[in-house]
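*Asks:* Numbering (the working numbering), first residue to last: 139 to 233.
Built from N, CA and C at the ideal position, the CB exists for glycine as well.
These numbers were taken from a predicted model, which means no experiment stands behind them.
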Amino acid sequence: MQNGSDSMKSRAIIWREDEMVTQFANVVNVQGTREQVDLFFGTNRTWNVSEESDVVVDLSNRIILTPLAAKRLLSVLTGVLGEYESRHGRLDIES
C-alpha cells in the first residue's frame, strides 16, 4: 500500500519552445459559447483615427480555450497585472 505522500508527488512541467513564435498584438477581442472561449489578437494599423474613419485591425491569431482554461488564464492574468500595478501604478483602460 502506498502512503499518501507517494501518490501526491508533483510532476515537473517541461516548457518546450522549439517551435514557439512571438507576435505582437495591441488589440484583443473575446467571444464565447458554452463549449469554448475564443481570444482574437491583432494589430491596429490605423494611425490617424478621426471620428469618421474606420479602425483597421489585422487579425493574427485566434486562441480557442475551454471555459476551465479561460478561467485559469483569468486568474493568472489578474495576479500578474496586480503585481504590475503595485510596482508601476494603476493601468487606466478607459483612456
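Is T216 helix, strand or coil when you go by DSSP?
*Replies:* Of the three classes helix, strand and coil, the one that applies to T216 here is helix, per DSSP.
*Asks:* Determine, using beta-carbon pairs with one atom in the segment 200-209 and one in the segment 167-182, whether at least three such pairs fall under 8 Å.
*Replies:* In short, these stretches touch, since the Cβ pair count reaches three.
*Asks:* What runs of the beta strand (DSSP E), each 3 residues or longer, lie entirely inside the segment 139-182?
*Replies:* Those beta strand (DSSP E) runs which fall completely within the segment 139-182 and span 3+ residues are 165-170, 175-182.
*Asks:* Just grab the DSSP bridge partners of D196 for me.
*Replies:* Answer is T181, bridged to D196.
*Asks:* Can you tell me whether G180 is buried or exposed, with buried defined as 16 or more other CB within 10 angstroms of its CB?
*Replies:* Label assigned to G180: buried.
*Asks:* When the distance is taken between beta carbons, is N182 closer than 9 Å to V165?
*Replies:* Yes. Within cutoff.
*Asks:* Can you tell me which of the three DSSP states L229 falls into?
*Replies:* Reduced to three states, the DSSP call for L229 is coil.
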